[in-house]
Ligand code: GLN
């Protein structure tokens, strides 16, 4: 069962070959066995999970099951879930039990899915290695001396290690795609506005987007069907007709035009990653695609632009954590100002503090024009590069990350090195485009390599088709780590 696809699980549940309670319990047992090694979960609550499983079994028995009813999913700990501890990987929220459900959680609940637990993540989703979590680093299931990527590293590790059927992530600058690549799974960041951000703890609101992480493109499509949709509680949620993201999965790829940006295959890309990506492109040619050389001339500015804009938004979003209403409060203080200061000094980790300071600086009088405004202008140019490129091609491909999973501790002292691991993913968030990563081989040390597929706005169904056809022709996505 642990390798079954969502469709297979759904069929097995409908045919009563397995109950949701049995399935949930089998995952909980596997988590109990392997989580001490991987640290993929922050919170487990078997009672609440099994109660949902019993309700799902009743719904299946009553004959009104949906596609995902009874299937256990893990949820990134950035999503508020009623009655669940919701920490966002931070000491600041170490005691925060959410009184309400995020839109994404509600959508899974309405579908009758089971919440298996909350996955570990970089603190407030700031990081690329999961080492900034207050709850300790997550280990890569392919090699526990290495990082799983971040910030959705707990989710990526849990999915790769078969600790859940699939799970959710969020992506502000690469946090779905990069850990998916480093753990050898599939992940999709939708077009900005497709999935509601309501109840998803905010990092950089103009970039944050939730998406599915799973073992195959077909599973991603089924999850996106549940996650996407208009929500009036998020002012940037888009009002569009409901889509079936599985609708194009089986289309042939004949005539597909794949744009290869020369900037994504230049200096800084490791040879083993380049090789696996080039082999994947060759596979696409066999499937009938044609290759179009393109250029994204401003993409090289995406990391500096992102590290002005994302901290600026974060410094504002994180001002709500003041020790007054909820979350961590310093045990001893003199007066109100001292309480704020001490609570924030003790509650936030080093990376979060660095971002708040950068953000406050670039927004301050005298520097706003020099940094924030300039970055906003370049953001527009980065987006325009893509618009130009899509005049010549249908999808863009390249590596997801410049290297395979690095060693725990390897980049901890060098934030700039860490920031560069998102060099190929960040431009996609700045432009608001959809992007995904699928496994496409193994590099040095037998670590997984991810192929990034970037689509035009609202082209998720086509991207999933492109990914699914590759997964029908290859078996990289079904390889599992030995644990
Ligand atoms: N690694 C990037 C950062 O640290 C992106 C994180 C994310 O997408 N949440 O900000």
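In the numbering used here, the protein residues as written are 4 to 486.
Where is the CB? At the ideal position from N, CA and C, for every residue including glycine.
Looking at 334, 179 and 25, the one whose alpha-carbon comes closest to that of residue 432 is 179.
For residue 78, the enclosing beta strand (DSSP E) stretches over residues 75-79. A distance of 8 Å or more separates the beta carbons of residue 76 and residue 186. Comparing alpha-carbon positions, the option among 443, 125 and 99 lying closest to residue 44 turns out to be 125.
Using a cutoff of 7 Å, the CB of residue 174 counts as near the ligand GLN, since one of the ligand's heavy atoms is closer than that. Residue 401 sits close to residue 268, with the two beta carbons spaced by under 8 Å.
Within the chosen limit of 7 Å, the ligand GLN does not reach the beta carbon of residue 251 with any heavy atom.
In terms of Cα proximity to residue 226, the closest of 241, 172 and 51 is 172. Here residue 71 is near residue 114, since their CB atoms are less than 8 Å apart. The DSSP-derived three-state label of residue 44 is strand.
Distances from the CB of residue 131 to the heavy atoms of the ligand GLN include at least one below 7 Å.
Of the candidates 19, 9, 52 and 246, the residue whose Cα lies closest to the Cα of residue 27 is 52. With a beta-carbon spacing of about 16 Å, residue 322 and residue 332 fall beyond the 8 Å limit used to define contacts. In the DSSP assignment, residue 363 falls within the alpha helix (DSSP H) that extends over 353-366. C-alpha of residue 169 to C-alpha of residue 214: approximately 11 Å in a straight line.
Contact between residue 21 and residue 15 holds: their C-beta atoms lie close to 5 Å from each other, under 8 Å. For residue 121, the secondary structure class from DSSP, reduced to helix, strand or coil, is strand. Counting of Cβ neighbours within 10 angstroms places residue 189 among the buried residues, the total reaching 16 or more.
Counting only runs of 3+ residues, the beta strand (DSSP E) found wholly inside the segment 175-205 occupies 189-192, in chain order.
Placement of the Cβ of residue 274 at a distance of 7 Å or more from every heavy atom of the ligand GLN is found. When DSSP reads this structure, residue 260 sits in a beta bridge with 293. Contact between residue 219 and residue 379 does not hold, since the beta-carbon distance rounds to 38 Å and is not under 8 Å.
The C-beta of residue 149 has 16 or more other C-beta atoms within 10 Å across all chains shown, which makes the residue buried. Between the segment 382-392 and the segment 281-299, the count of Cβ pairs shorter than 8 Å is three or higher; the stretches touch. Here residue 419 is exposed. Its C-beta has fewer than 16 other C-beta atoms within 10 Å. Classified as exposed, residue 40 has fewer than 16 neighbouring CB atoms from the shown chains inside 10 Å of its CB. Leaving aside the five residues that flank residue 286 on each side, the residues in its chain whose CB is nearer than 7 Å to its CB run, in chain order, 473, 476 and 477. Counted as a single uninterrupted DSSP element, the beta strand (DSSP E) harbouring residue 214 occupies residues 212-217.
Residue 299 sits in coil when the DSSP states are folded into three classes, being neither helix nor strand. Straight across, the Cα-Cα distance linking residue 381 with residue 4 is about 48 Å. With distances taken between CA atoms, residue 131 lies nearest to 424 out of 424, 91 and 436. In the displayed model, residue 139 falls within coil according to three-state DSSP, outside both helix and strand. Between the ligand GLN and the CB of residue 319, the shortest heavy atom gap is not smaller than 7 Å. Residue 406 is positioned such that its CB atom lies closer than 8 Å to that of residue 276.
Around the Cβ of residue 288, a 10 Å sphere holds fewer than 16 other Cβ atoms; the residue is exposed. Under the three-state reduction of DSSP, residue 420 is assigned to helix.
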